[in-house]
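Asker: Numbered according to the numbering used here, the sequence shown spans residues -1 to 81.
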Amino acid sequence: MPATMTFDDLKAVMSRCTGDAEELTPDNLGTAFTDIGYDSLAVLEIASQIQREYGLQIPDEAIEGMNAPQDVIDYVNASLSAV
-1 MPATMTFDDL
9 KAVMSRCTGD
19 AEELTPDNLG
29 TAFTDIGYDS
39 LAVLEIASQI
49 QREYGLQIPD
59 EAIEGMNAPQ
69 DVIDYVNASL
79 SAV
C-alpha cells in the first residue's frame, strides 16, 4: 500500500479509470471535476480504484465531498496518515 498519493499517482488512477487524464494538470487540481470533464460516475470509479490500490474504505459521504482532484489527494493522504 503506498504511503501517500501524489499528483502523478492520481493522474495514473484517473487515466486507468477513464482512459485519458490529459485534462488534469498541477494547475487545475482545485478545479471542479465537472469543469475538467469528469462526471459523478467517473469520480465513483476513481474512488473505487483508489480503494483497491490503497486498501482504503471511502464512505459515500466522503466521495460526495470529492469535488476536485485536490479533494481526493487530501482525503487519501489524511486517511493514509491515520492508519
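The C-beta atom is built at its ideal place from N, Cα and C for all residues, glycine as well. Note that the structure is a prediction, hence the values are computed from the model and not measured.
1) Tell me the residue span of the alpha helix (DSSP H) that contains I71.
2) Go to Y36, then tell me how far its alpha helix (DSSP H) extends in each direction, as first and last residue.
3) Can you tell me which of L78, A1, R14, A45 puts its alpha carbon nearest to the alpha carbon of P67?
4) Measure the CB-CB distance between A83 and A10 and report whether it falls below 9 Å.
5) According to DSSP, is E21 part of a helix, a strand, or is it coil?
6) Let's see if you can read the secondary structure: which residues bound the alpha helix (DSSP H) around M12?
7) So, with DSSP's three-state summary, where would you put I56?
8) Confirm, please, whether the CB-CB distance from I48 to M3 is below 9 Å.
9) With burial defined as no fewer than 16 other Cβ atoms inside 10 Å of the residue's Cβ, what is the status of L22: buried or exposed?
Answerer: Reading off the structure:
1) The residue labelled residue 71 in the question sits at position 73 within the sequence shown. Element bounds for I71: 67 to 80.
2) For the purposes of this step, residue 36 is taken as residue 38 along the sequence shown, with counting starting at 1. No alpha helix (DSSP H) holds Y36; DSSP gives it neither H nor E.
3) One-based indexing of the sequence shown puts residue 67 at position 69. It is A45.
4) Limits of the chain in this structure are -1 at one end and 81 at the other, which puts residue 83 out of reach.
5) In the sequence shown, the residue the question calls residue 21 occupies position 23. Here E21 sits in coil by DSSP.
6) Reading the sequence shown from its first residue, position 14 is the one you call residue 12. Looking at the DSSP string, the run of the alpha helix (DSSP H) that includes M12 is 5 to 16.
7) Stepping through the sequence shown from its first residue, residue 56 is reached at position 58. In the structure shown, I56 adopts coil according to DSSP, grouped into three states.
8) As a working note, residue 3 is residue 5 in the sequence shown. As a working note, residue 48 is residue 50 in the sequence shown. Yes. Within cutoff.
9) Counting from 1 along the sequence shown, the entry for residue 22 is found at position 24. So L22 ends up on the buried side.
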